[in-house]
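Here the structure comes first, spelled out in structure tokens, and everything after it is commentary.
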Amino acid sequence: MTGAVPRVGVVTFPGSLDDGDALRAIEQMGGHAVSLWHGERDLRAVDAVILPGGFSYGDYLRCGAIARFAPVMEPVMAFAERGGPVLGICNGFQVLCEAGLLPGAMIRNRSLRFVCRDVWLRVETAQSCITDGLTPGETIEIPIKHGEGQWIATPEQLADVERDMLVVFRYASRTGIVDEAQNPNGAVNNVAGIRNAAGNVVGLMPHPEHAVDPDVGPTGGQPLFASLLHMAMAGVIG
Amino acid sequence: MSSEQDPLHRQLGLTDDELAQIEATLGREPNRTELAMYSVMWSEHCSYKSSKIHLRTLPTEGPSVLVGPGQDAGAVDVGDGIAVVFKIESHSHPSAIEPYQGAATGVGGIVRDIVSMGARPVALLDPLLFGPLTEERNRWLFAGVIAGIGGYGNCIGVPTVGGEIRFADAHTADPTVDVMCVGVARVAELVTTQSRTAQAGSLMVLYGASTGRDGIGGVSVLASATLDDGAEGSRPSVQIGDPFAEKLLIEASLELIAAGSLEGLQDLGGAGITCAVSESAARAGMGASLDLDAVPLREPGLVPFEILTSESQERMLAIVHPSKIDDVRAICDRWGLTTAVIGGLTPGGTLTVRSGGAVVAEVPASSLAEDGPVYERPVAPPARTMGNGEDPTFVPFEKDLTEAVFTVLTAPNVASKRWAFEQYDRVVQGNTVAGPDSDAAVVRVTGTLKGLALSTDSKSRFGRLDPFLGAAHAVAESARNVAVTGAIPMAITNCLNFGNPERPEVMWELTESIRGIREACLALDTPVTGGNVSLYNESGDSAIWPTPVIGMLGLLEDYRLRIPSSFPRPGLAIYLMGETFAELGGSEFAEAVLGVVAGKPPALDLTRERALHRLLVAAARGAVVASAHDCGDGGVAIALLESAIGGGHGFAVALAGDLPSHVALFSESASRAVLSVDPADEEALVRLAAEHGVPVARLGETGGPRALIEGLVDVPVDELRDAWEGAIPRLLGET
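If you're matching them up, the sequences are chains A and B in order. Under this note's numbering, the residues of the first sequence are numbered 1 to 238, in order. Under this note's numbering, the residues of the second sequence are numbered 1001 to 1735, in order.
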């Protein structure tokens, strides 16, 4: 491999909305952003993949239900199985659940309303492609914006997720208190993001790509992108 | 309303005189299809027949105006080859019947207007007026409209960054649902009448959604008549939105423009294909041949007039040179959009419509698009005149001032609209420097340091008492709202929401309001680049108050120098810029505390107003001030409290002068702002104020957990915040 800048791909599905924001965040954090098209089975030699937020295919069946059958998802699944870092944000998280790469599913927010606000997240594990270098217990501020962000799971799934420490972030207060008052959508156990067992696949409802530039929002997304670029680089070297 | 015994033209909303004019144009009787086409194009909504002669008095020119009224949207040159395209429209009538779809399709329509100018939509603002939330139907309308705005706007990747929300009894039957969209384009890539190169032989390509029965005759049935008790029966005239299709339409359209594939572009909105085709042909100075058999239909069996007047959403009409048609198809295919060549431009001026091989309509294109009737309707002031009722300014007030502060702070007009704004995606595109909780939203322009400051404002309570002053105040407040961010007010778009223009007193309100906008725009150097007129906002004998809504564009040369609207830290000096007079007429205090909308609205000295704006712009450039907040509803008291709540810092101030305490707190005198300043910059601020001739008073300092107005108010900021943020949820029964 040449150069020391990891290539991070962002998939554009029909109806993706935050793909441009993810591309910009990658560049701002020092990576090389690569645009990927839903209809092509080519990952263009990227070292990490982001499935961005939005309303892929209008979310008319179920969020993410159609996107997971897009041609690009074939190489994305294979990439994930090889251990490549894959981050699903919001709608991308829903796609990963639909694709079976992550457990659980998303339903409408408890309030039945779309919600856009800055929230605090407590880091639950450093063993994921976006929390490398973070300390469990610390909190970061990132915006959420979704109408169907209430993560749910069967009791068995939930027990497994908690036992295997697959929760990456929980909605919390600034000081790290996790309770119902801090839960913006009713997600079980305040889950805001989860990982697979290997930690290379992560899905989260909050939008770290909207939290890297202090001029337009909080900066809690910076360490997440730093981690993703670092892990992508590790893949390059390894 | 017309009855079924009426002749067809009257059922379609055309008068006998208008029918005669059509017959004179054609030299024969129109057939049913032609009559339907004229009825939509000559509707109030499309033809502006009642307002046109008055709108012509508005100032529309300025050195930075690239495109003025008459096209899909206005455009302003903000320097460095960048054009800002913006326009406001109403979707009030559909929203009164079906709030979610009415509001949603309003968003879709204005976004397509911006796209059809060749601009990428970068911001939406939604000024809304409802009846009181104490009534169940108003709560249903409010919740439905907010959800519809979010449901559509959030799915198309355009941030909703602002828009005021107000409440008044007069909007119970007729909510006002306006929406403003702002777009950015390279000046060289603007699609304007001048840049269109369409010629005879060019193809008309319809792309996007297929055509169905939704929204048949929406402009004539819904938007150009009052809503009566049978309004629910009009539901089939409300269009249904598909934001996913709109998102694809935006991307495909911008790609088509960037690729240089188009000779012209027009969105399909009110009056559907009839409007798009006749306007495209008329603008090119040509006729057109239109084949209805080529229009992709959502369902079989649509008859010609239905295809011609359907307002099915998410459709665009491109004018394409035959050599470029394959390029256009390729780009639309990539975005999964169907394309159909439905006709072409022809020499001469005749629009010929065919269906099943037969000619079903043959009319001059310009007679539909440009030669609609123009009325000079009778104008007469209403029996009630300015300053009616006892002026609340001079009513003694001896009740508890702290209670009055809470009453005004929790009044629905003043209370936090977070319940609504949190349902809007304000961050997508990554350029939102300031969102709905600021006096004006600030959106930076990608690739530059420029910031667009955006505000929408109405002052219908003042307008109710004096429509001239109300409209002028709306312009002034809108300009002030962008100026407190440090931006220079550049230009406006406006949406004129009024009752039935066939009533002389409504026409008087309309003409007085237009006069007010004219005066203020001339004085503040903010030309009118376009807008929309929404009439017939009345039901039974209750019309809405005169409600011109102003959409203001301001420009920050460097968005990083934006002045925030809240106190950022303790230890700052607090100043009031401008002068407070005894002016409680039409104030929030009068309505919320005294229960009256009466008296004379505050005076407005536009020279003073402009001086304040210039001072604020200079202060921002010099980074002299730490925060600035407009004094509007609730006067200096609310400006102080909102500055404290937003920043989370208390303050201690004293209001000097001989005004009675409640007047000093709540007077809504114009041309004022509350500033906070680092002590090191106080001298510079006072000097700047003197240079600009703006009166200035030092009120006190920021800091501590309490809001303290000496001798009058002393309350913890946390308590104020809870009250302010909780008011709307409480009215909705959620707490």
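Note that CB positions come from ideal geometry on N, CA and C, so glycine has one too. For clarity, every value in this text was computed on a predicted model and none was experimentally measured.
Inset, instruction - Just grab the DSSP bridge partners of residue 1362 of chain B for me. - result: As a working mapping, residue 1362 of chain B is identified with position 362 in the second sequence. B/1352, per the DSSP bridge assignment.
Inset, instruction - Just tell me which of B/1364, B/1155, B/1123 has its CA closest to the CA of residue 1184 of chain B. - result: What you label residue 1184 of chain B is simply residue 184 of the second sequence in a count that begins at 1. Minimum Cα distance to residue 1184 of chain B is reached at B/1123.
Inset, instruction - Measure the C-alpha to C-alpha separation of residue 1714 of chain B and residue 1640 of chain B and round it to an integer number of angstroms. - result: What you label residue 1714 of chain B is simply residue 714 of the second sequence in a count that begins at 1. What you label residue 1640 of chain B is simply residue 640 of the second sequence in a count that begins at 1. Spanning the two alpha carbons is a distance of roughly 13 Å.
Inset, instruction - Name the two residues that bound the continuous alpha helix (DSSP H) containing residue 1724 of chain B. - result: For the purposes of this step, residue 1724 of chain B is identified with residue 724 of the second sequence, where counting begins at 1. From DSSP, the alpha helix (DSSP H) with residue 1724 of chain B extends over 1717-1731.
Legend entry - residue 86 of chain A beta carbon less than 8 Å from that of residue 80 of chain A: Counted from its first residue, the first sequence places residue 80 of chain A at position 80. Counted from its first residue, the first sequence places residue 86 of chain A at position 86. Cβ atoms of residue 80 of chain A and residue 86 of chain A: closer than 8 Å.
Legend entry - 8 Å Cβ cutoff, residue 224 of chain A in contact with chain B: In the first sequence, counting from the first residue as 1, residue 224 of chain A sits at position 224. Chain B contact via Cβ: absent.
Legend entry - Any chain A beta carbon closer than 8 Å to residue 1432 of chain B: Here residue 1432 of chain B is taken as the residue at index 432 of the second sequence, counted from 1. Residue 1432 of chain B counts as touching chain A.
Inset, instruction - Could you please give the first and the last residue of the uninterrupted alpha helix (DSSP H) stretch that includes residue 1607 of chain B? - result: Reading the second sequence from its first residue, position 607 is the one you call residue 1607 of chain B. 1606-1621 is the span of the alpha helix (DSSP H), which, as asked, contains residue 1607 of chain B.
Legend entry - Local Cβ density within 10 Å of residue 1493 of chain B, reported as buried at 16 or more and exposed below that: The sequence position of residue 1493 of chain B within the second sequence is 493, counting from 1. Under this definition residue 1493 of chain B is a buried residue.
Legend entry - Element boundaries [alpha helix (DSSP H), containing residue 1106 of chain B]: Here residue 1106 of chain B refers to the residue found at position 106 when the second sequence is read from its first residue. Its alpha helix (DSSP H) spans residues 1099-1115.
Inset, instruction - With DSSP as the reference, please indicate the residues paired to residue 1432 of chain B in a beta bridge. - result: Taking the first residue of the second sequence as 1, we reach residue 1432 of chain B at position 432. Note: residue 1432 of chain B sits in a beta bridge opposite B/1443.
Legend entry - Length of the line joining the Cα atoms of residue 1252 of chain B and residue 216 of chain A: As a working note, residue 1252 of chain B is residue 252 in the second sequence. As a working note, residue 216 of chain A is residue 216 in the first sequence. About 28 Å.
Legend entry - 8 Å Cβ cutoff, residue 21 of chain A in contact with chain B: The residue labelled residue 21 of chain A in the question sits at position 21 within the first sequence. True, the Cβ-Cβ gap to chain B drops below 8 Å.
Inset, instruction - Please list the partners that residue 1148 of chain B has in chain A, where partner means a Cβ-to-Cβ separation under 9 Å. - result: Locating residue 1148 of chain B in the second sequence gives position 148, counting from the first residue. Near residue 1148 of chain B there are no residues of chain A at all, since even the closest Cβ is about 11 Å away, more than 9 Å.
Inset, instruction - Could you check what DSSP says for residue 73 of chain A in three-state terms: helix, strand or coil? - result: As a first step, residue 73 of chain A must be located in the first sequence, where it is residue number 73. Note: residue 73 of chain A maps to helix in three-state DSSP.
Legend entry - Cβ of residue 195 of chain A within 8 Å of any chain B Cβ: Locating residue 195 of chain A in the first sequence gives position 195, where the first residue counts as 1. No, residue 195 of chain A does not count as interfacial toward chain B.
Inset, instruction - Assuming residue 1150 of chain B contacts residue 1424 of chain B (C-beta within less than 8 Å), just tell me the rounded distance between them. - result: Residue numbering aside, residue 1150 of chain B sits at position 150 when the second sequence is read from its first letter. Residue numbering aside, residue 1424 of chain B sits at position 424 when the second sequence is read from its first letter. The Cβ separation is near 5 Å, so the contact holds.
Inset, instruction - State whether the region 1122-1140 of chain B contacts the region 1173-1180 of chain B, with contact taken as three or more CB pairs (one from each stretch) at a distance under 8 Å. - result: yes
Inset, instruction - Give every residue of the same chain whose Cβ lies closer than 8 Å to the Cβ of residue 164 of chain A, excluding the five residues on either side of it in the sequence, and list them in chain order. - result: Numbered from 1 along the first sequence, position 164 holds the residue referred to as residue 164 of chain A. Excluding positions up to five away in sequence, the list reads 197.
Inset, instruction - Say whether chain A places a C-beta atom closer than 8 Å to the C-beta of residue 1071 of chain B. - result: As a working mapping, residue 1071 of chain B is identified with position 71 in the second sequence. No - not a single Cβ of chain A is within 8 Å of the one on residue 1071 of chain B.
Legend entry - Under the three-state DSSP convention, the category residue 1346 of chain B falls into: Taking the second sequence and counting its residues from 1, one reaches residue 1346 of chain B at position 346. In the structure shown, residue 1346 of chain B sits in a strand (DSSP, three-state: E or B).
Inset, instruction - Quick one: using the 10 Å Cβ neighbour count with 16 as the cut-off for buried, is residue 22 of chain A buried or exposed? - result: Counting from 1 along the first sequence, the entry for residue 22 of chain A is found at position 22. When all chains shown are included, residue 22 of chain A counts as buried.
Inset, instruction - Report yes or no: is there a C-beta of chain A within less than 8 Å of the C-beta of residue 1700 of chain B? - result: In the second sequence, counting from the first residue as 1, residue 1700 of chain B sits at position 700. By this cut-off, residue 1700 of chain B is not an interface position.
Inset, instruction - Could you please tell me which residues of the region 1153-1171 of chain B, in chain order, have their CB closer than 7 Å to any CB of chain A? - result: 1154, 1155, 1157
Inset, instruction - Report yes if the C-beta distance between residue 1676 of chain B and residue 1626 of chain B is below 8 Å; otherwise report no. - result: Mapped onto the second sequence, residue 1676 of chain B falls at position 676. Mapped onto the second sequence, residue 1626 of chain B falls at position 626. Against a cut-off of 8 Å, the Cβ pair of residue 1626 of chain B and residue 1676 of chain B comes out as a contact.
Legend entry - Cβ-based burial, residue 35 of chain A [other Cβ within 10 Å; buried from 16]: The residue given as residue 35 of chain A occupies position 35 in the first sequence. Classification for residue 35 of chain A: exposed.
Inset, instruction - List in chain order: all unbroken beta strand (DSSP E) runs of 3+ residues lying wholly within the region 1161-1191 of chain B. - result: 1165-1167, 1176-1186
Inset, instruction - Can you tell me which of A/112, A/188, A/51, A/158 puts its alpha carbon nearest to the alpha carbon of residue 1734 of chain B? - result: Along the second sequence, read from residue 1 onward, the residue named residue 1734 of chain B stands at position 734. Measuring from the Cα of residue 1734 of chain B, the nearest candidate turns out to be A/112.
Legend entry - CB contact check: residue 1427 of chain B to chain A, cutoff 8 Å: In the second sequence, the residue the question calls residue 1427 of chain B occupies position 427. Interface residue, yes.
Legend entry - Beta-carbon gap between residue 1708 of chain B and residue 1636 of chain B smaller than 8 Å: By one-based count along the second sequence, residue 1708 of chain B stands at place 708. By one-based count along the second sequence, residue 1636 of chain B stands at place 636. It is not a contact, given that the beta carbons lie outside the stated cut-off.
Inset, instruction - Under 7 Å between beta-carbons, which chain B residues line up against residue 38 of chain A? List them in chain order, please. - result: Reading the first sequence from its first residue, position 38 is the one you call residue 38 of chain A. Result: empty, since nearest Cβ-Cβ is about 10 Å, beyond 7 Å.
Inset, instruction - Please name the residues in the region 99-131 of chain A whose beta-carbon is closer than 7 Å to at least one beta-carbon of chain B, in chain order. - result: 113, 114, 115, 116, 117
Inset, instruction - Could you confirm whether any beta carbon from chain A is found closer than 8 Å to the beta carbon of residue 1450 of chain B? - result: On the second sequence, residue 1450 of chain B is found 450 positions in, with the first residue counted as 1. No, residue 1450 of chain B does not count as interfacial toward chain A.
Legend entry - Cut-off 6 Å between Cβ atoms - residues of its own chain near residue 19 of chain A, not counting five sequence neighbours on either side: In the first sequence, the residue the question calls residue 19 of chain A occupies position 19. Closer than 6 Å at the Cβ level, and outside the excluded window around residue 19 of chain A, lie 10, 12, 52.
Inset, instruction - Go through its chain and collect everything with a Cβ distance to residue 1638 of chain B's Cβ below 7 Å, but skip five positions before and after it. - result: Residue mapping note: residue 1638 of chain B aligns to position 638 of the second sequence, counting from 1. Only 1408, 1409, 1414 meet the Cβ criterion.
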